[in-house]
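Engineer:
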Amino acid sequence: MNARIVPLVIVLAIVIIGAWLVGSYNSLVALDQGVQAQWGQVENVYQRRADLIPNLVATVKGVANFEKSTYIAVAEARAKVGQVTIGGTENLPTNAAALSKYQAAQDGLSSALSRLLAVVENYPELKANENFLDLQSQLEGTENRIAVERMRYNEAAQKFNTMRLTFPTTIVASMFGDRFQAKAYFQATQGAETAPKVQF
-3 MNARIVPLVI VLAIVIIGAW LVGSYNSLVA LDQGVQAQWG QVENVYQRRA
47 DLIPNLVATV KGVANFEKST YIAVAEARAK VGQVTIGGTE NLPTNAAALS
97 KYQAAQDGLS SALSRLLAVV ENYPELKANE NFLDLQSQLE GTENRIAVER
147 MRYNEAAQKF NTMRLTFPTT IVASMFGDRF QAKAYFQATQ GAETAPKVQF
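Okay, structure coming up:
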């Protein structure tokens, strides 16, 4: 009777370990795909903003004839974003340095757009232009979407990273090498920790 039990226990142990390995692998795959899908949403809203910029600049140029340095700053910031994404963005979630560079380029574009919109305040005829108001509203909505999608990406990355580092799932993750690399996070914009000074 003992001769029959030992092989059954071994087979049962192999089945349990195999099921655990498959379950852990599938959980990591599902979470990794969640991060990739959320990264796609981040790229989508950044692309929406990039698509709005030429129309916004053209509308401003048509109504307000102010210093070209503002247009140049927006164009250069948009070009920097393009340079960062030339190598592709699909591996950014697993490369903290590349994601930081990408984020810095996007933050530079946000800053240039803020300067453009600040200068526009000096032109009442532009603030009354329906096309400009529509573009400005779309841009503001897009900036809000960017913040939301970045937050959701960080949440998905945190779930993946937590699962990846949890024992014993970390064993499965290490068995597949680069397949399950840790995901990088978006960080707060540099200087965001300092409250702006308000002067009246």
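Residue numbers for the sequence shown follow the numbering used here, beginning at -3 and rising by one. Here a beta-carbon is modelled for each residue, glycine too, at the ideal position from N, C-alpha and C. From a predicted model like this one, the values you see are computed outputs, not experimental measurements.
1. Would you kindly work out how many angstroms separate the C-alpha atoms of E39 and Y67, rounded to a whole number?
2. Report the residue ranges of all alpha helix (DSSP H) runs contained in full by the segment 134 to 175; include only those spanning at least 4 residues, in chain order.
3. So, at 6 Å on beta carbons, what are the nonlocal neighbours of A199 in its own chain, with the 5 sequence-adjacent residues on each side left out?
4. Below 7 Å between beta carbons: does that hold for F172 and T55?
5. Between F176 and L17, how many whole angstroms is the CB-CB distance? I'm expecting something under 8 Å.
6. Could you give the DSSP three-state label for K179: helix, strand or coil?
7. Check whether the Cβ of T162 sits closer than 6 Å to any heavy atom of the ligand GDP, and report yes or no.
8. With respect to the alpha helix (DSSP H) encompassing Y98, which residues constitute its N-terminal and C-terminal limits?
9. Name the two residues that bound the continuous alpha helix (DSSP H) containing P199.
10. For A152, tell me which candidate among L161, A73, L48 and L27 has the shortest Cα-Cα distance.
11. Measuring alpha carbon to alpha carbon, tell me which of S110, V31 and Q29 ends up nearest E139.
12. Taking 7 Å as the limit between beta carbons, can you name the residues of its chain near A169, skipping five residues before and five after?
13. Alpha carbon to alpha carbon, how far is D174 from A100?
14. Let me make sure I understand the geometry here. Which of V53, K76 and L8 has the alpha-carbon closest to that of L122?
15. With C-beta atoms as the reference, is F182 less than 7 Å away from R146?
Structural biologist: This is what the structure gives:
1. Using only the alpha carbons, I get a separation of about 24 Å.
2. 165 to 171
3. Limits of the chain in this structure are -3 at one end and 196 at the other, which puts residue 199 out of reach.
4. no
5. 13 Å between Cβ atoms; not a contact.
6. Coil, per DSSP.
7. By its list of ligands, the structure shown contains no ligand whatsoever, and the ligand GDP lies outside what it can speak to.
8. A92 to V116
9. As shown, the chain starts at -3 and ends at 196. That puts residue 199 outside it, with no answer to give.
10. L27
11. Measuring from the Cα of E139, the nearest candidate turns out to be S110.
12. L24, R160 and F176
13. 26 Å
14. V53
15. yes
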